[in-house]
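Participant:
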DNA sequence: GTCTATACACTGATAGAC
DNA sequence: GTCTATCAGTGTATAGAC
């Protein structure tokens, strides 16, 4: 009566034409929509319903693909941290301070520019006391800051820049660049524009680089050695 | 038999010992608690229930005193805008740039210091696209910025500072000072402290003043005239 | 794999007891 | 003036139809 027991191969079910493409597309839609909604309303204020509508899917699908609201949120935070880590390239005390600081400002500005919603998502998380990111802040990120700070201090000892507090300097760069994503609504309202253009970003980057480098007594990179 | 009709004086009902003190105290408790909860979770994410618990009152009392969640939120925003306006004293083109910029940085820093929750409440509102503050941003605040910007430009024309874009400069000061309230969780995590002390604030203010003034080519105020 | 139906806690707000 | 009881609506999450 039992037909010959089939070889128990776990037979990944070929559902219609599904080659995994729809799943991939749906997940991408959900992540994009969720980033926007979480950024605007915070973790508590965002509803799965709102995310589903923004993604053009029924509510249950969002939970089906992402498991839970919490899991979706954590996944978005991790994606943003990964983007962040991608630009944390190593620097050495032998590098040129002006070049490093300019690259630092520029890459941070580009990150906020390329991922404004992720930037705001991160900001909202910190604003609420960083309940999900506390370990990251006081662990990985803290180490990263301390390493850069030591290099800045050595530059100051070598007379390549003023002896400013390196940690406050890093916070200054972070806040100034972050501002154009997080406070975009304010920037637009005050300047009367309807968007921040690439040209604006270029000008702001140049402005910040000039003021911060000069303010810290860093010689501009163009200076010919010897 | 009708006793002489008392003169219909509208007799404000003396409810027990209530001289209005309990109402005042309760309202204060609610406003303080609500500022904290709205700051942490945004408008949508904050629940009247959570505010009531933080204030030590039943939920209905919060609505009884404040009318509605929306009204409470608007009232908090207006209170914060009033604090903000209080430090927007007039400046003239004949003032000393260094003194004005230093006072600007200092007073803004003190505002964030004295009202960190209000500062974060404001930040959360902007982060969410400023649905309640759009008119304020593109009206009152925009005018204020344009007036200061004109004065900065005139200073640059007189050679008192570098010809930097004055609006970006204002944003730089705002973001750098705001950061220590809005991103407090990050600052604490990275520096490993458990609070930002008055001494820290003093040092940060001095750091920002030095870097920004020097970065904009403003001569320090100590310079003796003539 | 996808979506409808549903479970049940919690939301802002109000009516009415005390 | 203050608080309990309750409303209709929405929250996350899951079970089960297709």
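Residue numbers (my numbering), protein chains in the order written: chain A, 1 to 226; chain B, 227 to 452. Even glycine gets a Cβ: it sits at the ideal position worked out from N, Cα and C.
Which of helix, strand or coil does DSSP assign to residue 161 (chain A)?
Facilitator: coil
Participant: For residue 128 (chain A), decide whether its Cβ has a neighbour in chain B, counting only Cβ atoms nearer than 8 Å.
Facilitator: yes
Participant: Extract the residue ranges of the alpha helix (DSSP H) inside the region 89-172 of chain A, only unbroken runs of 4 or more that lie entirely within it.
Facilitator: 97-114, 116-127, 142-157
Participant: Just mark residue 101 (chain A) as buried or exposed, buried being the case when its beta carbon has 16 or more other beta carbons within 10 Å.
Facilitator: buried
Participant: How about the region 369-389 of chain B and the region 277-287 of chain B: do they share at least three Cβ pairs that are nearer than 8 Å?
Facilitator: no
Participant: Examine chain B for any beta-carbon lying closer than 8 Å to the beta-carbon of residue 124 (chain A), and answer yes or no.
Facilitator: yes
Participant: List, in order along the chain, the chain B residues whose C-beta lies closer than 7 Å to that of residue 120 (chain A)?
Facilitator: Contact note: residue 120 (chain A) reaches chain B through 353, using a C-beta cutoff of 7 Å and chain order.
Participant: Using only CA atoms, which one of B:410, B:432, B:387 lies nearest to residue 266 (chain B)?
Facilitator: B:410
Participant: Taking only beta-carbon atoms, is residue 215 (chain A) less than 8 Å away from chain B?
Facilitator: yes
Participant: With a Cβ-Cβ cutoff of 8 Å, do residue 256 (chain B) and residue 292 (chain B) count as a contact?
Facilitator: yes
Participant: Kindly indicate which residue of B:336, B:304, B:273 has the alpha-carbon position closest to the one of residue 400 (chain B).
Facilitator: Among B:336, B:304, B:273, the Cα nearest to that of residue 400 (chain B) is on B:336.
Participant: Is the Cβ of residue 182 (chain A) closer than 8 Å to any Cβ of chain B?
Facilitator: yes
Participant: Counting only beta-carbon separations shorter than 8 Å, does residue 186 (chain A) have a partner in chain B?
Facilitator: So yes, residue 186 (chain A) belongs to the interface.
Participant: Quick one: which chain B residues come within Cβ less than 9 Å of residue 115 (chain A)?
Facilitator: Simply none; closest approach about 15 Å.
Participant: Taking only beta-carbon positions, decide if residue 212 (chain A) is within less than 8 Å of chain B.
Facilitator: yes
Participant: Rounding to the nearest angstrom, what Cα-Cα distance links residue 35 (chain A) and residue 157 (chain A) in this structure?
Facilitator: 43 Å
Participant: What separation, rounded to the nearest whole angstrom, lies between the Cα atoms of residue 431 (chain B) and residue 368 (chain B)?
Facilitator: 25 Å
Participant: Under 8 Å between C-beta atoms, does residue 101 (chain A) make it to chain B?
Facilitator: It does not; no Cβ of chain B falls within 8 Å.
Participant: Assign residue 120 (chain A) to one of two classes, buried (16 or more other C-beta atoms within 10 Å of its C-beta) or exposed (fewer than that).
Facilitator: buried
Participant: Could you pull the start and end residues of the alpha helix (DSSP H) that residue 293 (chain B) belongs to?
Facilitator: Residue 293 (chain B) -> no alpha helix (DSSP H), and no H or E assigned at all.
Participant: Helix, strand or coil for residue 38 (chain A) per DSSP?
Facilitator: Correct three-state label for residue 38 (chain A): helix.
Participant: In whole angstroms, what is the alpha-carbon distance linking residue 330 (chain B) and residue 114 (chain A)?
Facilitator: 32 Å
Participant: Sort B:353, B:280, B:269 by Cα distance to residue 252 (chain B) and report the nearest one.
Facilitator: For the set B:353, B:280, B:269, the Cα lying nearest the Cα of residue 252 (chain B) is the one of B:280.
Participant: Using a Cβ cut-off of 8 Å, pull out every chain B residue sitting near residue 52 (chain A), in sequence order please.
Facilitator: Going along chain B, no residue has its Cβ under 8 Å from residue 52 (chain A), so there is no contact; the nearest lies around 16 Å.
Participant: Quick one: what does DSSP say residue 183 (chain A) is sitting in, helix, strand or coil?
Facilitator: coil
Participant: Among the residues of its own chain, which have a CB less than 6 Å from the CB of residue 97 (chain A), if the five just before and after it don't count?
Facilitator: 155, 160, 161, 218
Participant: Quick one: using the 10 Å Cβ neighbour count with 16 as the cut-off for buried, is residue 92 (chain A) buried or exposed?
Facilitator: exposed
Participant: Against chain A, which members of the region 359-388 of chain B pass a CB distance test of less than 7 Å?
Facilitator: Listed by position, the residues of the region 359-388 of chain B near chain A (Cβ gap below 7 Å) are 360, 363, 364, 367, 368, 371.
Participant: At least one CB of chain B closer than 8 Å to the CB of residue 168 (chain A): is that the case?
Facilitator: yes
Participant: Could you list which residues in chain B have their beta carbon closer than 7 Å to that of residue 191 (chain A), in chain order?
Facilitator: 393
Participant: Mind listing the chain B neighbours of residue 175 (chain A)? Cutoff is C-beta to C-beta under 8 Å, in chain order.
Facilitator: 401, 402, 404, 405, 409
Participant: Grab the span of the alpha helix (DSSP H) containing residue 427 (chain B) for me, first residue to last.
Facilitator: 424-441
Participant: Does the separation of the CB atoms of residue 309 (chain B) and residue 271 (chain B) fall below 8 Å?
Facilitator: no
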